[in-house]
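Each remark here refers to the structure printed beneath this line.
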Ligand code: FEO
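Residue numbers (this note's numbering): 428 to 819.
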């Protein structure tokens, strides 16, 4: 196994999880990596560990470079178990190491997860830790993705160990951005942002302002590949995403029981297309909600449809809207449509849920009884055209 080097004396020593397909409810079609980094100086520091089952893989990589007993510091940028799960085993291996974590939340998190109450060094904004010729500085980025999240910066090499920020769930044999397909990389980075970090857009904008003061040559996140050739590309994408910027794109997201709501969805699509808007259509049975959410990230309009079931929404639609609400998308316009038999209820429920999510509802709800007739499908086309004209 050859060492992966970010700079002189700075190595990737993480693990590749080729087979994970569900990361706390987020679909990971391409697997992921748990990144850990080793910095060799007069003092030796390990940045993060890996998910517990992958500890032997990380340890093997470390042992190719040094004896783990020589590690002086283990930095925990984030307590979540995909990065800290190996800490109890690392404590046993790195017998003299002290453990660096963010004050309060990191400290409390490590103690509560691992009953770790010794060898802890809590740090806060601006704290500096000398390794000899180099030093580490720590930048809290609370809620990216937990309250304890922080970035560790190595100014001498201009490397940002960015924790979950700028990550991607992307397993690959390559470790750097210039070695993988750029379109796949950005798609996975967008999916990661949409499904993990989107609720914290305001905080992310603030964090990016802090990072703008740093010179960054390399961004080394805790998942996926390392941004060495064009770190500005992902910083620029995060600037847009965190500001809630959208493009001329509409999503028609629905489910259907006997095909009526599906007919309406296709008619709305027709209207949007006629208005010159890019449209993507998702029937929720058979669609992956985290893939749909990736499309939500830059969509300007979200049009949601459901048949009425038991006076309310179809379960898949309710589940999707619950997920959407939690992710707090910004700057979206929306509309609700659907079909019903003897009594309605779904469209009203969708409308209310989307309003409560902070989506600007730009049309009254459109409900059709039983099977849509030609005139009713024409109404759906007109709805799509009006939305299309509004969002262009
Ligand atoms: Fe990759 Fe929030 O842990």
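For each residue, glycine too, the CB sits at the ideal point set by N, CA and C.
Closer than 8 Å by C-beta to residue 662: which residues in its own chain qualify, once you throw out the five before and the five after it? Chain order, please. Excluding sequence neighbours, residue 662 sits near 593, 635, 638, 643, 646.
| request: Decide if the stretch 795–812 is in contact with the stretch 711–724; the criterion is three or more beta carbon pairs, one per stretch, under 8 Å apart. | output: No: fewer than three Cβ pairs fall under 8 Å.
| message | I'd like to check one pair, residue 723 with residue 679: are the Cβ atoms closer than 9 Å? | response | No, they are not a contact pair.
### Query
Within the present structure, is the beta-carbon of residue 668 separated from the nearest heavy atom of the ligand FEO by less than 8 Å?
Not so, every heavy atom of the ligand FEO lies at least 8 Å from the Cβ.
Touch check for the stretch 571–579 and the stretch 622–634: three-plus C-beta pairs under 8 Å?
Between the stretch 571–579 and the stretch 622–634, the count of C-beta pairs closer than 8 Å reaches three or more; the two stretches touch.
Buried or exposed by the 16-neighbour rule on C-beta atoms within 10 Å, applied to residue 505
Buried: at least 16 other Cβ atoms inside 10 Å.
Check: When DSSP builds the beta bridges, which residues end up paired with residue 794?
Finding: According to DSSP, residue 794 bridges with 765.
Any non-hydrogen atom of the ligand FEO within 8 Å of residue 820 CB: Residue 820 cannot be examined here, being either before or after the span of the chain that is shown, 428 to 819.
Checklist entry - Should the stretch 517–535 be called in touch with the stretch 485–504, which here means at least 3 C-beta pairs below 8 Å? => result Touching, per the Cβ criterion.
* To do: Within the stretch 588–665, note down every full beta strand (DSSP E) run reaching 3 residues or more, in order along the chain.
  => Segments of the beta strand (DSSP E) lying fully in the stretch 588–665: 645–648.
_residue 578 versus residue 525 - alpha carbon distance_ = Approximately 18 Å, taken between the alpha carbons.
- Which whole runs of the alpha helix (DSSP H) in the stretch 453–520 are 4 residues long or more, in chain order? Those alpha helix (DSSP H) runs which fall completely within the stretch 453–520 and span 4+ residues are 482–490, 508–511, 514–520.
Taking the Cβ atom as the reference point for each residue, do residue 734 and residue 685 lie within a distance shorter than 9 Å? Cβ distance < 9 Å, so residue 734 and residue 685 count as in contact.
Alpha carbon to alpha carbon, how far is residue 563 from residue 582?
Residue 563 and residue 582 have their C-alpha atoms roughly 7 Å apart.
**Asked** From residue 738 to residue 777, what does the alpha carbon distance come to, in whole angstroms?
**Response** Distance from the CA of residue 738 to the CA of residue 777, rounded to the nearest whole angstrom, comes to 12 Å.
- Query: Can you pull the DSSP bridge partners for residue 782?
  - Reply: Note: residue 782 sits in no beta bridge, so no partner.
Three-state secondary structure (DSSP) at residue 739? If DSSP states are grouped into helix, strand and coil, residue 739 belongs with the strands.
Exercise for the section: Output yes or no for whether 9 Å exceeds the beta carbon distance between residue 745 and residue 771. Expected result: Result no, Cβ atoms of residue 745 and residue 771 do not sit closer than 9 Å.
Check: Helix, strand or coil: how does DSSP classify residue 674 here?
Finding: Per DSSP, reduced to three states, the secondary structure at residue 674 is strand.
inquiry  = My output table needs one value for residue 585: the three-state DSSP class, helix, strand or coil.
reply    = Look at residue 585 here: in three-state DSSP terms it is coil, with no helix or strand label.
Item to check | Nearest candidate by alpha-carbon position, reference residue 445, set 437, 436, 458 | outcome: Of the listed residues, the one whose Cα sits closest to residue 445 is 458.
Note to self: Measuring only from the beta carbon, is residue 615 closer than 8 Å to any heavy atom that is part of the ligand FEO?
What the structure shows: Because no heavy atom of the ligand FEO lies under 8 Å away, the Cβ of residue 615 does not count as near it: no.
### Query
Got a sec: does the ligand FEO put a non-hydrogen atom nearer than 8 Å to the Cβ of residue 769?
Result no, Cβ not under 8 Å from the ligand FEO.
### Query
Got a sec, what are the start and stop residues for the beta strand (DSSP E) residue 684 sits in?
Counting along the chain, residue 684 falls outside any beta strand (DSSP E), and DSSP gives it neither H nor E.
Next item on the list: Leaving aside the five residues before and after residue 821 along the sequence, list all residues of the same chain whose C-beta is less than 8 Å from its C-beta, in chain order.
Entry: Nothing about residue 821 can be read from this structure; the chain reaches only from 428 to 819.
* To do: Return yes when the Cβ of residue 515 is within less than 9 Å of the Cβ of residue 529, no when it is not.
  => For the 9 Å CB-CB criterion, residue 529 and residue 515 do not form a contact.
Any contact of the stretch 551–566 with the stretch 606–618, i.e. 3+ C-beta pairs under 8 Å?
-> With a cut-off of 8 Å, the stretch 606–618 and the stretch 551–566 do not count as touching, because too few Cβ pairs lie within range.
- What residue from 480, 628, 666, 472 has the CA that sits closest to residue 492's CA? In terms of CA proximity to residue 492, 472 leads the group 480, 628, 666, 472.
Is residue 600 near residue 649, with beta carbons less than 9 Å apart?
Not in contact: residue 600 and residue 649 (Cβ atoms no closer than 9 Å).
Worksheet item: Would you report the Cα separation of residue 608 and residue 800, rounded to the nearest angstrom?
Response: In a straight line, the C-alpha of residue 608 is about 47 Å away from that of residue 800.
DSSP three-state assignment for residue 702, whether helix, strand or coil
DSSP places residue 702 in coil when its eight states are reduced to three.
- Which word fits residue 798, buried or exposed, when buried means at least 16 other C-beta atoms lie within 10 angstroms of its C-beta? It is exposed - the Cβ of residue 798 has fewer than 16 other Cβ atoms within 10 Å.
| message | Between the alpha carbons of residue 695 and residue 788, how many angstroms are there, rounded? | response | So the alpha carbons of these two residues sit roughly 16 Å apart.
Practice item. Excluding the 5 residues preceding and the 5 following residue 702 in the sequence, name in chain order all residues of the same chain whose CB lies nearer than 6 Å to its CB. Key: The beta carbon of residue 702 is closer than 6 Å to those of 812, 815, 816 in its chain, skipping five residues each way along the sequence.
>> Assuming residue 604 and residue 668 are in contact, meaning their beta carbons sit under 8 Å apart, how far apart are those beta carbons, in whole angstroms?
In response: With a contact defined as Cβ atoms closer than 8 Å, residue 604 and residue 668 miss out at about 17 Å.
I want to check one thing, is the minimum distance from the CB of residue 507 to the heavy atoms of the ligand FEO below 8 Å? Yes, the ligand FEO has a heavy atom inside 8 Å of this Cβ.
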